[in-house]
Each structure stands twice: as structure tokens, then as C-alpha cells.
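**Student:** Below are the C-alpha cells for one structure; questions will follow.
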Amino acid sequence: METKELLKKVREIELKTRGLTKQVFSGEYNSAFKGRGMTFSEVKNYQFGDDVRSIDWNVTARFNEPFVKVFEEERELSVFMVLDISGSNNFGTKTKSKRELMLEVAAVLAFSAIANNDKVGAIFVSDHVEKFIPPKKGRSHALMILRELILYTPKSKATHLNEGLKFFRNVVKKRSICFLISDFYDENDYFEGLKIANRKHDMVALRLFDPAEKELPNLGLIKMFDAEKEVIRWVNTSSKKVRENYTNRFVECQKDLNTKFRKAGVDYASLSTDGKYLAELSKLFLTRSR
Numbered sequence: 001m002e003t004k005e006l007l008k009k010v011r012e013i014e015l016k017t018r019g020l021t022k023q024v025f026s027g028e029y030n031s032a033f034k035g036r037g038m039t040f041s042e043v044k045n046y047q048f049g050d051d052v053r054s055i056d057w058n059v060t061a062r063f064n065e066p067f068v069k070v071f072e073e074e075r076e077l078s079v080f081m082v083l084d085i086s087g088s089n090n091f092g093t094k095t096k097s098k099r100e101l102m103l104e105v106a107a108v109l110a111f112s113a114i115a116n117n118d119k120v121g122a123i124f125v126s127d128h129v130e131k132f133i134p135p136k137k138g139r140s141h142a143l144m145i146l147r148e149l150i151l152y153t154p155k156s157k158a159t160h161l162n163e164g165l166k167f168f169r170n171v172v173k174k175r176s177i178c179f180l181i182s183d184f185y186d187e188n189d190y191f192e193g194l195k196i197a198n199r200k201h202d203m204v205a206l207r208l209f210d211p212a213e214k215e216l217p218n219l220g221l222i223k224m225f226d227a228e229k230e231v232i233r234w235v236n237t238s239s240k241k242v243r244e245n246y247t248n249r250f251v252e253c254q255k256d257l258n259t260k261f262r263k264a265g266v267d268y269a270s271l272s273t274d275g276k277y278l279a280e281l282s283k284l285f286l287t288r289s290r
């Protein structure tokens, strides 16, 4: 991609997503992650209206009257995005591919972070860590992440999300917010690594999918390409059983992810390439802020 074309594309993404960030997520980002980066400051006497969950029971027992802990918001909060750039994310049948949806979602999160004076960083992962962008503040840094995501060509097309999670845990020592953005087509186990990361950090999973992954159209005998294994398969889509099995696999995968993310204590949303992802993101933010 030529420099002029790249700058135009980045500018278009910025204008679209910054507008959406102000319109849709005004206040929701801060509310959703409020208190995630808090440090203990002092204790004070309990007053009517204070959150009872903040009661310091040790001090209360010592002085025989209720005291609550007072927390101060950390000045700097880091937001990380672990981005799955494997081959399967190039798929898309609607207005955009999953990779293009990832770009828009990353832009929304990045501009939400910098609007709240937070740092933002990124980790690109396939079956290994492809690129690490340390967190910084500011518009120029957010734009740099988007440029890298547009231009970067993965060295591998396979997926191993746990490699990205392991790298994140080893490199990022201070509690941070981390968005794991993927279609989660990964034959390797990553849930144990996700649970470990969630013990220290605030992990959020965003699943990208295309409507054609839910329902196979009746197009007769067609050639399908596995972008990660680079294998071509012929599929008889006119077979009702084949179409039903295809849909059932998607539904079962969705149920399995729902169950596993819930057990891991990780907030989770599914985002579609059909253009309706903002409503799901907004719902996730609102749910977290309650």
C-alpha cells in the first residue's frame, strides 16, 4: 500500500471511529473500567451512603465502629489489545472482513483510551508473538498502532493465542486492561492462560465472526479454502445435512466459549462483520458499569 493511500485509509478510520467513540461511548468507557486501576489511600469513618463492600473489617473491629477504605484512581491506566492476526481473520462476506472489523474495534478502543488519558499498547499474535507495541499516550501513538495493523503481514497464518497471553503476562507487570480480540478458532488450549492473566489484569474477550460462519448457503458443490492450514476442500452445500452440521458446529462453539469465558471470569462479547458491532460493544460497556 502506498503512503498516500495508507494515510487516507488511516484518516478515514480515525474520522469514523472517533465520531462513533464520542457518540456511542461517551462516558461508557470510563464507567466500564472505573475502579479497575485504583490504589488504597486511607481509611475514614463510615458515613451513610458509603459502599459497604469497602468496609475495612480489621480497623472496624479494632475501634468498634465502622471504617471504610478510601481508594484513589491511578493516574495512569494501560490498555492493551492482544490482536489475533492469523489467516482465518481475513475472511468476510459482508461489508468487511474480520481483520477490517478488528481494525475498527481497535480504533474505537484506542481512541476511547486516549480520550481518558490512558496509555494504549498492542500485541500482534498468530501462532507466536509477531509484534509488540509498548503502551503510550496520545493520538499519534494510537494512529501508529492502526497503521501497523493495516500494513503488517503475519509471518504465520496459524493461531496460538496462549503465546500472546503468555507474552502479555511476562512483559506487563502493572495491572492493566487487556482486550483479547480474535475469532477464537484455535486448536490449542488458551483458557488456562487466560484465567491466569485475569487474576492480575482486567481481561475482556471480543469474538469476531462473519454471518456466513453461522449459516452455509445452498450453492451446490463449492471449493473452500482453509486460510490457516492452506488446504482446499470441496463441500457439497446442497446437502441439508452438511448445512445443518455446519450451523450446529457454530452454535456449539458459541456455547462452549460462553461457558469457558464465564468460568474464567472474563467479560465477553461477539462482534459481527455485518456492521452491528457497536451495539454489542455498548452493551458490554454498560453491563460492566452497573
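In terms of full-length UniProt numbering, the sequence shown opens at residue 1 and continues consecutively. Positions of the beta carbon are idealized from the N, C-alpha and C atoms, including for glycine. A quick note: this is a predicted structure, and the numbers were derived from the prediction, not measured.
Considering glutamine 132, what are the terminal residues of the alpha helix (DSSP H) in which it resides?
**Tutor:** One detail in the question is off: residue 132 reads as phenylalanine in this sequence, not glutamine. Where phenylalanine 132 is concerned, there is no enclosing alpha helix (DSSP H), although the beta strand (DSSP E) it sits in stretches over 129-136.
**Student:** Counting only runs that start and end within the region 214-251, where is the alpha helix (DSSP H) found for 4 or more residues in a row?
**Tutor:** The region 214-251 contains no whole alpha helix (DSSP H) run of 4 or more residues.
**Student:** Mind checking leucine 151: buried by the 16 CB within 10 Å criterion, or exposed?
**Tutor:** So leucine 151 ends up on the exposed side.
**Student:** Considering only the alpha carbon of each residue, which of His141, Lys96, Lys155, Leu194 lies closest to serine 126?
**Tutor:** Serine 126 has its Cα closest to that of Lys155, out of His141, Lys96, Lys155, Leu194.
**Student:** Would the region 98-112 count as touching the region 207-215 if we require 3 or more Cβ pairs under 8 Å?
**Tutor:** Yes: the two stretches touch, three or more of their Cβ pairs being nearer than 8 Å.
**Student:** So, at 7 Å on beta carbons, what are the nonlocal neighbours of asparagine 245 in its own chain, with the 5 sequence-adjacent residues on each side left out?
**Tutor:** Hits under 7 Å: none found.
**Student:** What does the alpha-carbon distance come out to for the pair valine 59 and lysine 200?
**Tutor:** Looking at the two C-alpha atoms, the distance is approximately 26 Å.
**Student:** Along the chain, where does the beta strand (DSSP E) containing phenylalanine 80 start, and where does it finish?
**Tutor:** 78-84 is the extent of the beta strand (DSSP E) around phenylalanine 80.
**Student:** Tell me the rounded alpha-carbon separation between leucine 165 and phenylalanine 191.
**Tutor:** Those two C-alpha atoms are separated by around 10 Å.
**Student:** Apart from the five residues on each side of it in sequence, which residues of its chain come closer than 6 Å, Cβ to Cβ, to serine 78?
**Tutor:** Excluding sequence neighbours, serine 78 sits near Lys119, Pro135, Ser176.
**Student:** Note the first and the last residue of the continuous alpha helix (DSSP H) segment covering valine 108.
**Tutor:** It spans 98-115 - the alpha helix (DSSP H) in which valine 108 sits, taken as one unbroken run.
**Student:** Is valine 120 helix, strand or coil by DSSP?
**Tutor:** In this structure, valine 120 counts as strand in the three-state DSSP scheme.
**Student:** Considering only DSSP beta bridges, list what phenylalanine 209 is partnered with.
**Tutor:** Partner(s): Ser272.
**Student:** Based on the DSSP output, what are the partners of leucine 45 in its beta bridges?
**Tutor:** Position check: residue 45 holds asparagine in this sequence, whereas leucine was assumed. Asparagine 45 is bridged to Phe67.
**Student:** Looking at C-alpha atoms only, which residue of Phe184, Gly265, Val266 is the closest neighbour of lysine 98?
**Tutor:** Closest option to lysine 98, Cα to Cα, is Phe184.
**Student:** Compute the beta-carbon to beta-carbon distance between aspartate 186 and leucine 161, rounded to the nearest angstrom, for a pair I have assumed lies under 8 Å.
**Tutor:** Going by Cβ atoms, the distance from aspartate 186 to leucine 161 rounds to 5 Å, so yes, they are a contact pair.
**Student:** Looking only at C-alpha atoms, which of Lys137, Pro66, Tyr277 sits nearest to phenylalanine 48?
**Tutor:** For phenylalanine 48, the nearest C-alpha among the options comes from Pro66.
**Student:** Just the Cα atoms here: how many angstroms apart are valine 108 and threonine 93?
**Tutor:** Roughly 22 Å separates the two Cα atoms.
**Student:** Helix, strand or coil: how does DSSP classify phenylalanine 179 here?
**Tutor:** Of the three classes helix, strand and coil, the one that applies to phenylalanine 179 here is strand, per DSSP.
**Student:** Under the rule that 16 or more other beta-carbon atoms within 10 Å means buried, what is alanine 197, buried or exposed?
**Tutor:** By the 10 Å Cβ count, alanine 197 comes out buried.
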